[in-house]
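Here the structure is laid out as structure tokens; the discussion comes afterwards.
In the numbering used here, the protein residues as written are 12 to 122.
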């Protein structure tokens with residue numbers, strides 16, 4: 012019975028030490044956060060830079076064999092995933108070698 016009591020004591024001491032360490036770590040992080048935010052509060056906010064004039068949009072380079080309909084579909088798909096308010100420009104569309112993809116899939120999904 013003495014061994015069981017000693018085991019419980021060691022377990023409780025270990026739990027207390029771990030939780031006290033975690034609480035001290037949380038306190039240190041909060042103090043560091045307040046110090047960093049305090050130093051940033053004293054600085055005046057930098058004025059927002061003036062938006063740059065948009066570059067003239069040139070026609071995208073189309074590889075021979077890609078129809079304008081396919082190019083329009085690719086551009087629409089890219090714009091559908093763009094964040095709101097962000098404008099994207101498709102400058103070129105190139106076909107990729109399928110051997111690169113096959114090698115990548117073989118290495119990633121071989122199991």
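Just so it is clear, CB atoms sit at the ideal spot from N, CA and C, and this is done for glycine as well.
It should be emphasised that the depicted structure is a prediction, and the values quoted were computed from it without experimental measurement.
Here the alpha carbons of residue 83 and residue 98 stand approximately 16 Å from one another.
Looking at the DSSP output, residue 27 sits in no beta bridge, so it has no partner there.
The beta-carbon separation of residue 77 and residue 104, rounded to 6 Å, stays under the 8 Å limit for a contact. Rounded to whole angstroms, the gap between the alpha carbons of residue 26 and residue 116 is 46 Å.
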